[in-house]
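Before any comments, here is the structure.
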Amino acid sequence: MATVARTRRRNPLARRERPPRTASQRRDTRAALVFISPWIVGFLVFTAWPLLYSAYLSFTDYDVINDPSFVGWENYRQLFEDPKIARSLGNTLFYTMVQVPLYVLVSLGVAVLLNQAGRAAGFFRTAFYLPNMTPPVAVGVMLLLVFNGQNGLINEALGWFGITGPNWTTDGAWVKPSIILMSLWSVGGSVIILLAALRDVPPDLYDAARVDGAGRWHRFRHITVPMISGALFFVTIVNTIAAFQTFTETYTAFWGAGYKNEAALFYVIYLFQQAFEFLNMGYASAMAWVLFVIVLAITLVQLKVSKRFVYLEGEQR
69 MATVARTRRR NPLARRERPP RTASQRRDTR AALVFISPWI VGFLVFTAWP LLYSAYLSFT
129 DYDVINDPSF VGWENYRQLF EDPKIARSLG NTLFYTMVQV PLYVLVSLGV AVLLNQAGRA
189 AGFFRTAFYL PNMTPPVAVG VMLLLVFNGQ NGLINEALGW FGITGPNWTT DGAWVKPSII
249 LMSLWSVGGS VIILLAALRD VPPDLYDAAR VDGAGRWHRF RHITVPMISG ALFFVTIVNT
309 IAAFQTFTET YTAFWGAGYK NEAALFYVIY LFQQAFEFLN MGYASAMAWV LFVIVLAITL
369 VQLKVSKRFV YLEGEQR
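Residue numbers (the numbering used here): 69 to 385.
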């Protein structure tokens, strides 16, 4: 016993022996496992198994009809030789780098306005969130109606000011901007998150800043943004992942409608084509895993950078 005591004094992090679990604790554990068992089964059947099986398929030649045949790294080698991979990945990167910052800035701006709306905030909060309930296919159809180069709503509005609008849905230079602008239709979810973060900022900080003579911009920059940086980071990382997986609205508006504009060929759309139009399931699985690695790498970089800019309440700096 004296030796054990001396060891613990030398190493305060030494693992302490846990007391044996009581019958009540074991019973509670079993009950918890029973309650979460539907989720566990669903995760294993619909997430873990498809994930592992797609990893296997990425090393095979599989057309759904015939049995998979092992081809090693051939699918991954073809990825570097396929010109459409570079084009679709470039379109996706451009969309992500422009859409995510714009999406976050618009969400933050709307949240700041709603935070000052007083009693009407509840109505406007609901109004801004309702577009999130619109089915993505309907949003894709609406994109064609709103951004139609001949008689679309955007060009009609520009015409009021004597501006001739571009052919948004047919001109390759304007296709991605139209998709980016249409994505702002669903900022409501991020607005709600940021609004909740704004409501949680202590008013005392603003009062102290006013006493010190800080203006509105300085209060926003040095108090609001740091205090809601956790919510901003969450919105950024979630929308970055979503941007890399954008599919339904763009596919409905362009490829599903027969436009087939290469400027709208995003990575997941090309993956879908390989899997379900050309039945190259092995190649599509390899594409999916490459996308997974890219998103994982970007997410890890964001997590690393966030340590310098994200403030977490109660965290020691």
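Here a beta-carbon is modelled for each residue, glycine too, at the ideal position from N, C-alpha and C.
Two segments are said to touch when three or more pairs of C-beta atoms, one from each, lie closer than 8 Å; by this definition the stretch 265-283 does not touch the stretch 221-241. DSSP places Asp150 outside any alpha helix (DSSP H), giving it a letter other than H or E.
If you draw a straight line from the Cα of Ile222 to the Cα of Leu252, it is about 14 Å long. As the crow flies, the alpha-carbon of Ala185 is around 17 Å from that of Thr292.
With contacts defined by Cβ atoms closer than 8 Å, Pro136 and Tyr144 do not form a contacting pair. The beta carbon of Val303 is closer than 7 Å to those of Val172, Ser175, Ser258, Ile261, Leu262 in its chain, skipping five residues each way along the sequence. Between Gly240 and Glu317, the C-beta gap is not smaller than 8 Å, which leaves the two residues out of contact.
Rounded to whole angstroms, the gap between the alpha carbons of Val109 and Leu170 is 39 Å.
Under the DSSP assignment, Ala195 falls in the alpha helix (DSSP H) whose first and last residues are 189-197.
Spanning the alpha carbons of Gly217 and Phe162 requires a straight line of approximately 23 Å. At least 8 Å separates the beta-carbon of Met165 from that of Leu211. In this structure, the beta-carbon distance from Ser254 to Asn200 falls below 8 Å. Residue nearest to Leu364 within the set Glu345, Gly324, Phe322, Thr308 is Thr308 (criterion: CA-CA distance). Between the alpha carbons of Thr194 and Thr320 lies a gap of roughly 27 Å. Checking the DSSP bridge columns, you'll see Phe138 partnered with Thr128.
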